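**Q** Mind having a look at this structure? Questions to follow.
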Amino acid sequence: MAAIAMPKPSQETLRKRSKIVADLQKIVRGEGVICDEIEMRPYETDALTAYRQLPLVVVLPETVDQVSRVLKYCYDNDVKVVPRGAGTSLSGGALPLEDGVLLSMMKFNRILEIDLENRAVVTQPGVTNLGITTAVQQDGFYYAPDPSSQIACSIGGNIAENSGGVHSLKYGLTTNNLLGLEIVLITGEVIRLGGKHLDSEAYDLLALLTGSEGLLAIVTEVTVRVLQKPETARAALIGFPSSEEAGKCVAEIIGAGIIPGGMELMDKLAIDAAEDFVHAGYPLDVDALMIVELDGPEAEVDDLLKRVSAIAEKNGSSYLHVSQSEEERNTFWAGRKAAFPAVGRISPDYLCMDGTIPRAALPQVLQEMQELSEKHGLRVANVFHAGDGNLHPLILYDANIPGELAAAEAFGADILRLCVKVGGVLTGEHGVGIEKRDLMPEMYSEDDLKQQQRVKCAFDEKQLLNPGKMFPVLHRCAELGFMHVHQGQLPFPDIPRF
Amino acid sequence: MGEGFHPTTAEELEAVVKWAAAERTPLEVIGSGSKRNWGRAVQSAHTLRVDGIAGVIDYEPAELVLTVKAGTSLTDVQTLLKEHNQELPFEPADLSAVLGVPVQAGTIGGVLATNLSGPRRLKAGAARDHVLGLEAVSGRGEIFKAGGRVVKNVTGYDLSRGFCSSWGTLAVATSFSIKVLPRAAKECTFVLLGLTSQEASSAMSEAMGSSAEVSSAAHLPKGFCPLSQEHSITLLRLEGIPVSIEYRLDKLRSILKRFPSQELIEGQASRKTWGDLRDLIPFAGSDKPLWKLSVSPTAGQQVIAELEKRFAIRWMMDWAGGLVWVEMEGEGPHDVPLRRIITENGGGHATLLRGSVELRASVDVFQPQAETLMGLSKRLKAQFDPHGILNPGRMYAGI
Ligand SMILES: Cc1cc2nc3c(=O)[nH]c(=O)nc-3n(C[C@H](O)[C@H](O)[C@H](O)COP(=O)(O)OP(=O)(O)OC[C@H]3O[C@@H](n4cnc5c(N)ncnc54)[C@H](O)[C@@H]3O)c2cc1C
Ligand SMILES: Cc1cc2nc3c(=O)[nH]c(=O)nc-3n(C[C@H](O)[C@H](O)[C@H](O)COP(=O)(O)OP(=O)(O)OC[C@H]3O[C@@H](n4cnc5c(N)ncnc54)[C@H](O)[C@@H]3O)c2cc1C
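Chains as they are written, first to last, in our numbering: chain V, 428 to 925; chain W, 741 to 1139.
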């Protein structure tokens, strides 16, 4: 087991386990409470599989009332709660705690209302991301944020992680497509925010909840914006002799005022792995491959494709092929969307990183990453949302070789430090979870982190919801509320007055 | 006599807030004060003015990101962006005419603290959607930062967006990183004449639900302003490259062919039309109470119909019906029936934009919150500003 420490379990909670289970069974009857070790196994990890932990008990509520009562029970009895959607988090956000209830929201699996006149869908949080699009596509609509995991991941998990996808470059992340939420606080209180109207009426709690990684509240209902599908979408595969030229091309396309529907890059290792796996027709004699998708009316797409091709040529592209059919376009994307599993085939294990950098720093970061790769003696494949500077370096390692996981983690940490150094951030869309928790001080000062934790105190003063995630040091709320006070006269005669 | 602080650096600002926190003495936070007439009046001894902390920190047009100090004037920001053929996509309004305040440019901090967005909010998103990073001083007198300078970032809670629409009650911002976009090559407005508000509502809904990529949609009733003197008008704005606009225009013509009375406003005239609606020019020159209603788009016309049964009003719909501006005849107060009508029509919120000092003191200027939500808002306020020194009472009593 790897090195990230979780909060010490409460011995009292562990001791009272059978009573807690029995009490929870009174709230959620039948199969909604799982306490058998073998049946709990599937819940012991999310997609950060290097970390595993059996929970105290798994609870699968079906109604908001049950969620509210379970939370209130845990609040009254000081029991920790870890929310879980589909368990595809790559940062360990849904990793259970030994002394915590694992609250799975996957029985909340119904779409409640489709209101195309207002371009809104109201859904329960356990519905998959793709499930929303599926529900509205016969009318030409879709839900824009499209994580590669969209067949599996839940919309509740998307809210918790502020997930994005290939199309976020033009259409935004979860936070930009969210209209309303129903949440339950740890005290059991149910609160509704927003709706089908725009903009929050007071504090923008939707903004605080989106990306809060299950630390603030349980999401029990979601209202999202759906959009009409663009009439035409065409993708171009553009190959470059080096990543540096590809990086420059990306910056220049955006700089020219073109916002493509998607703009992705893959390096040599990723291209070869994806082509071998999916046979997407990728060129194998290039060092970097860009997929650019332009969407909109046909005339606009044609015009933009011409401009993009010209920019690519100017930046030394050695290969260009534009999709001639919907089928071909989908094949281009199939390779990209399967890039993670494809890399999984060429290495026993891999770590998927997720930093974001200013686009202009792309060539520098790729160069330094190669140097780091040599230093740590591990290979790295690069797949990224180039348009918004979001990198996904995949570090290849073998967990069966002693020390390799630790080396991979150290390499990953170095990559993220590099991202911060060039003006970027630790995570673009996968969340901090446990994975990047201890790196938070690389980006934030102690005061920054304390102010974030104070937000948590407003929602969850006892810090029972998903503790051990996101913050490297757990401060008690009372301690965070303490203020150093320097009473006295106005100490700054030299500050200008008006 | 209260002090009027006018710091020029974040450190000076921090010193002022630290002092106020220690003294437990409230501060009224103003950008340049252009929206003092909006919201509840603040009871405070001292004033903290932010527009001394001004200037561009970093702007690389190719990155589409601007980092700027919070007191920078909006005009300066807009001028700079325009030089590089870029803009703030959410097109904040100039409310000086409608609020009847002297011409004096607002600050970027004031725009973001109030989440002020114009007609293009419908497609481009609100002010808050474009904020990437924030540096601010909390009511504890501590500088903190959140977010960053890149578009995709989930490192920690999104305090930058959370700051927007907090009206200076949580923290005083000292700088922001903001996402900017290229200006559209061309714009034009497709106009339908003589529609009832019900017809307009469904026309706007159909247009928004099509692939015509309409970026703003408004409806002005007959007689409301010079533009709608003869007939009601329904406006659908298209922006982009010329070939694309042509195509989408044809698309709108055919989807909406059942409304044969169609016109086109092009180029500069189209820009001016949306600029005037953004700045609420048709409501300028009056001091009657003006309310901003945010409702689900199809409910806009129902809410108007209900209001017209009971009150004499002047109104217009923006955001495809989701934003309704209503000017009430008579002093009111109208807040209770107004909000009841919203609740009965799918929910939303109402904010008093313009009103006399007495009116603003006697009604809930902002939408009252359910008790549990209010409790949460108060706890949030206390975590940023435990002594309640920043703009006390600006939004709600106790906040
Ligand atoms: C192959 C693969 C590809 C991926 N590609 C992408 C991608 O392109 N873009 C991207 O952004 N992500 C991607 N991910 C990451 C992951 O799919 C997303 O983070 C997703 O949003 C997680 O959703 P989930 O339902 O699986 O949540 P889980 O993993 O179950 O939980 C994630 C977090 O959400 C919390 N949570 C879940 N449900 C709720 C709820 N109802 N209320 C409150 N908190 C809740 C949990 O506590 C946890 O902190 C990928 C993952 C994999 C395995
Ligand atoms: C003459 C004039 C010209 C204008 N021109 C344009 C224009 O060309 N285009 C356009 O779109 N808009 C324009 N505006 C609109 C104007 O920019 C907005 O009304 C703006 O939001 C007001 O900013 P302010 O600094 O005056 O805010 P104020 O009225 O001072 O403040 C509004 C609210 O924000 C809070 N606040 C202000 N700064 C901060 C901060 N740094 N941190 C925390 N809270 C803060 C205040 O406490 C208050 O609650 C113009 C306004 C005027 C008066």
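The beta carbon of each residue, even a glycine, is placed where N, CA and C say it ideally should be. Keep in mind that this is a model prediction, so the values were computed, not measured.
(1) For a test of the three-state rule: what should DSSP assign to Trp-759 (chain W), helix, strand or coil?
(2) By the three-class DSSP mapping on this structure, what secondary structure does Thr-614 (chain V) have?
(3) Please list, in chain order, all residues of the same chain as Met-428 (chain V) whose beta carbon is under 6 Å from its beta carbon, the five residues on each side excluded.
(4) How is Ala-808 (chain V) classed by DSSP in three states: helix, strand or coil?
(5) Hey, would you say the C-beta of Ile-645 (chain V) is under 6 Å away from at least one heavy atom of ligand 1?
(6) Beta carbon of Leu-517 (chain V): closer than 6 Å to some heavy atom of ligand 3?
(7) Restricting to Cα atoms, I'd like to know which of W:Glu-831, W:Lys-758, W:Glu-743 is closest to Leu-788 (chain W).
(8) Taking all protein chains shown into account, do 16 or more other C-beta atoms lie within 10 angstroms of the C-beta of Ile-582 (chain V), making it buried, or fewer, making it exposed?
(9) Going by DSSP, what residue range makes up the beta strand (DSSP E) through Cys-779 (chain V)?
(10) Is any beta-carbon of chain W found at less than 7 Å from that of Gly-850 (chain V)?
(11) Any chance the CB of Ala-474 (chain V) is under 6 Å from a heavy atom of ligand 1?
(12) What did DSSP end up calling Val-926 (chain V) once you bin it into helix, strand or coil?
(13) Relative to the C-alpha of Asp-722 (chain V), which candidate in V:Thr-476, V:Glu-458, V:Pro-768, V:Arg-756 has its C-alpha closest?
(14) Since Asp-841 (chain V) is in the alpha helix (DSSP H), which residue starts that stretch and which ends it?
(15) When the distance is taken between beta carbons, is Ser-836 (chain W) closer than 7 Å to Gly-873 (chain W)?
(16) Quick check on DSSP: helix, strand or coil for Met-428 (chain V)?
(17) Buried or exposed: where does Val-900 (chain V) fall if 16 or more other Cβ atoms within 10 Å of its Cβ makes it buried?
(18) Are the beta-carbon atoms belonging to Thr-560 (chain V) and Tyr-569 (chain V) less than 7 Å from one another?
(19) Using a Cβ-Cβ cut-off of 7 Å, state whether Met-428 (chain V) counts as contacting chain W.
(20) From Glu-875 (chain W) to Gly-849 (chain W), what does the alpha carbon distance come to, in whole angstroms?
(21) For the alpha helix (DSSP H) containing Met-867 (chain V), list its first residue and its last residue.
(22) Start and end of the alpha helix (DSSP H) containing Gly-771 (chain V)?
(23) Tell me whether Arg-756 (chain V) sits in a helix, a strand or coil according to DSSP, three-state version.
(24) Please classify Asn-817 (chain V): does DSSP put it in a helix, a strand, or coil?
(25) CB Glu-1103 (chain W) to CB Pro-1077 (chain W), shorter than 7 Å?
(26) Given a cut-off of 7 Å, decide if Leu-960 (chain W) and Lys-1032 (chain W) are closer than it, judged by their beta-carbon atoms.
(27) For Phe-767 (chain V), is the beta carbon positioned less than 6 Å from some heavy atom of ligand 1?
(28) Which same chain residues end up closer than 6 Å to Val-448 (chain V) when comparing Cβ atoms and leaving out the 5 residues on each side of it in sequence?
(29) I think Glu-1067 (chain W) touches Ser-1026 (chain W), with their Cβ atoms under 8 Å apart; what is that distance to the nearest whole Å?
(30) When DSSP builds the beta bridges, which residues end up paired with Leu-823 (chain V)?
(31) Between the region 660-669 of chain V and the region 747-754 of chain V, are three or more C-beta pairs nearer than 8 Å?
(32) Using the Cβ count rule (16 or more neighbours within 10 Å means buried), how would you classify Phe-909 (chain V)?
(33) What residue range does the beta strand (DSSP E) around Pro-510 (chain V) cover?
(34) I think Val-847 (chain V) touches Met-867 (chain V), with their Cβ atoms under 8 Å apart; what is that distance to the nearest whole Å?
**A** With the structure as the only source:
(1) helix
(2) If DSSP states are grouped into helix, strand and coil, Thr-614 (chain V) belongs with coil.
(3) At Met-428 (chain V) the pLDDT is 42, less than 50, meaning the model places this residue with poor confidence and gives no usable figure here.
(4) strand
(5) yes
(6) Absence of ligand 3 is noted for the structure shown, with ligand 1 and ligand 2 being the only ligands found.
(7) W:Glu-743
(8) buried
(9) 776-779
(10) yes
(11) yes
(12) No answer is possible for residue 926 (chain V): the residues shown for chain V start at 428 and end at 925.
(13) Of the candidates V:Thr-476, V:Glu-458, V:Pro-768, V:Arg-756, the one whose C-alpha sits nearest the C-alpha of Asp-722 (chain V) is V:Arg-756.
(14) 831-848
(15) no
(16) Confidence is the limiting factor: at Met-428 (chain V) the pLDDT is only 42, short of 50, which leaves the residue's position unreliable and the question unanswerable from this model.
(17) exposed
(18) yes
(19) For Met-428 (chain V), the predicted structure reports a pLDDT of 42, less than 50, and the residue's modelled location is therefore unreliable. The matter cannot be settled from this model.
(20) 11 Å
(21) 867-870
(22) 766-773
(23) helix
(24) strand
(25) According to the sequence as given, residue 1103 (chain W) is Val; it is not Glu. No, the pair does not count as a contact, with Cβ atoms beyond the cut-off.
(26) no
(27) yes
(28) So the list reads Cys-462, Val-484, once near-sequence residues are dropped.
(29) 7 Å
(30) Beta-bridge pairing links Leu-823 (chain V) to V:Tyr-777.
(31) Yes, the region 660-669 of chain V is in contact with the region 747-754 of chain V.
(32) exposed
(33) 507-511
(34) 10 Å between Cβ atoms; not a contact.
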